[in-house]
Amino acid sequence: MTSVPRTVVDIAMSEDLRTAVVVADAALRRGVTMGRLRGAVDQRSRGRRRAEHVLDLADGRSGSPAESFARVVLLELGLPTPVLQQEFVADGRRYAVDFWFPDQGVVVEIDGRAKYTQARYLAGRSPTEVFLEEKRRHERLLTVPGVRAVVRLEWRDLFDPDALVRRFRAVGLPCPVRPIRSARPGAA
């Protein structure tokens, strides 16, 4: 059986950047060390540059595949590098946000449907209760000094770069004139 680090590197060498970063982030989140991943790259002679690029972007702090995928999309759009899982305190509660752009005062959150439909996320609450709590969370975040805007994205939003650029520019996030549509390293 192929080891997890070897599988991550194989995917990094053969798949698009978005997919490869999702897989690398997941491995890191599950406890595979960056050292083991880099060691698997060192054992390869071909495709090393591509795999190293994926590992340079990989970050186990991404809380979900959607967050990992979104992080690559944000990179492709030319946004500054966000702080991942930044914690804020509002009304005595701690909130970790998916992406924080401190210079612009913008939080970006990736919303999945699972929190509204799967029992493990509902934790005995109804989907309506979860939705209303998310709305309260959103409002509380806007009371934190320095937070000017909260942008909420869903999976489908990540596939419309022109709409993303408009939304990000509307809240003051810098984006290039034309979105970079390729997820391949070295393309642009």
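Numbering (my numbering), first residue to last: -18 to 169.
Here a beta-carbon is modelled for each residue, glycine too, at the ideal position from N, C-alpha and C.
Since we're looking at a predicted model, the values are computed, not measured.
- Task: Identify every residue that forms a DSSP beta bridge with Val88.
- Result: Counting from 1 along the sequence shown, the entry for residue 88 is found at position 107. Answer by DSSP bridge pairing, in chain order: Trp81, Val131.
- DSSP three-state assignment for Leu65, whether helix, strand or coil: As a working mapping, residue 65 is identified with position 84 in the sequence shown. Here Leu65 sits in strand by DSSP.
- My guess is that Ala7 and Leu18 are in contact by the Cβ rule of under 8 Å, so how many angstroms apart are they, rounded? Here residue 7 is taken as the residue at index 26 of the sequence shown, counted from 1. Here residue 18 is taken as the residue at index 37 of the sequence shown, counted from 1. The beta-carbon distance between Ala7 and Leu18, rounded to whole angstroms, is 12 Å. This is too long to meet the 8 Å contact definition.
- Please go through the same chain and pick out, in chain order, the residues whose beta-carbon is closer than 8 Å to the beta-carbon of Leu36, but skip the five residues on each side of it. The residue you call residue 36 lines up with position 55 of the sequence shown. Closer than 8 Å at Cβ, skipping near neighbours: Ala(-7), Ala5, Met15, Leu18, Arg19, Val22.
- Item | Alpha-carbon spacing of Pro155 relative to Leu55, whole angstroms | What you label residue 155 is simply residue 174 of the sequence shown in a count that begins at 1. What you label residue 55 is simply residue 74 of the sequence shown in a count that begins at 1. Those two C-alpha atoms are separated by around 11 Å.
- Same chain only: Cβ atoms within 6 Å of Pro157, ignoring 5 sequence neighbours per side: On the sequence shown, position 176 is the one that residue 157 refers to. Same-chain partners within the cutoff: Gly59.
- Item | Other residues of its chain near Pro166: CB distance less than 7 Å, five sequence neighbours each side excluded | Taking the sequence shown and counting its residues from 1, one reaches residue 166 at position 185. At Pro166 the pLDDT is 48, less than 50, meaning the model places this residue with poor confidence; the figure from the coordinates comes in the next sentence. Cβ neighbours of Pro166 beyond the five flanking positions: Leu(-2), Arg31, His34.
- Message: Tell me which residues share the same chain as Gln85 and place their Cβ nearer than 6 Å to its Cβ, disregarding the 5 neighbours each side in the sequence.
- Response: In the sequence shown, the residue the question calls residue 85 occupies position 104. If we look at Gln85 and ignore the five residues flanking it on each side, its Cβ neighbours are Gly153, Leu154.
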